[in-house]
Amino acid sequence: MRKIIKAYLITSPTLYPTTPLEFDTFYKKILDTHKIDFACYRDKTLAFNPKLLEVFLRLNQSYKIPSLINSNFELGMCFGFDGLHCNASQMDLILEAKRKFSLVFFSAHTKEILKKADLLGVNGITISPIFKTPNKGEPLGVEFLNTLKLEDYKAEIFALGGIINSQTLSKIATTPIKSFASIRYFLN
1 MRKIIKAYLI TSPTLYPTTP LEFDTFYKKI LDTHKIDFAC YRDKTLAFNP KLLEVFLRLN
61 QSYKIPSLIN SNFELGMCFG FDGLHCNASQ MDLILEAKRK FSLVFFSAHT KEILKKADLL
121 GVNGITISPI FKTPNKGEPL GVEFLNTLKL EDYKAEIFAL GGIINSQTLS KIATTPIKSF
181 ASIRYFLN
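Numbering (UniProt numbering), first residue to last: 1 to 188.
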């Protein structure tokens, strides 16, 4: 029997349209094509467009997908996001975020940080990069995922980084990890 893998979509302002109507059409097509379990609005340029946030939230709500925002606690509260995805430098924000949001995710890049975030009680942790990814350093590799014992973690662990097609997803499916996150996978 095939293992069911949960999918966590992460947006990128460089790969998504920037007008509300085009974003709506583009994002709706993704949601109609893929089964998404969680979605994160990520804009590292910090030029958050309120109209795009509204489209993102509205479509996720209609598809019953929990919405997270990456790194921006204030915008998450203001717009009513379900959760906050804390970046690697925001570990000190986890406890406060847990009081305000129903979901708190965290970005980890080592097993040690993965364990620390889990002990703080986050709901989900992305571990990356698994495969070669532009500007992300040396990949951890599928072998790293095989060293993780999921029973040691309360949080859901999401493989992230370089998961861009069914071939890379198939490699994740051979590991104990039952979830993946990606930006580019959902664009195919």
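We put the CB at the ideal spot given by N, CA and C, even for glycine.
Bear in mind the structure is a predicted one, so any value in this text is a computation, not a measurement.
For residue 84, the enclosing beta strand (DSSP E) begins and ends at 83–86.
Residue 122 sits in coil when the DSSP states are folded into three classes, being neither helix nor strand. By the criterion of at least three beta-carbon pairs nearer than 8 angstroms, the segment 57–67 is in contact with the segment 82–97. The beta carbon of residue 12 sits closer than 6 angstroms to the beta carbons of 183 from its chain, once the five residues preceding and following it are set aside; these are given in chain order.
Excluding the 5 residues flanking it on each side, residue 98 has same chain C-beta neighbours closer than 7 angstroms at 104 and 121, in chain order. In this structure, the straight-line span from the alpha carbon of residue 30 to that of residue 119 is close to 34 angstroms.
A direct Cα-Cα distance of roughly 32 angstroms separates residue 108 from residue 19.
Contact check for residue 181 and residue 41: beta-carbon distance about 13 angstroms, past the 8 angstroms limit, so the pair fails to qualify. Take the alpha-carbon of residue 156 and the one of residue 95: they are about 17 angstroms apart.
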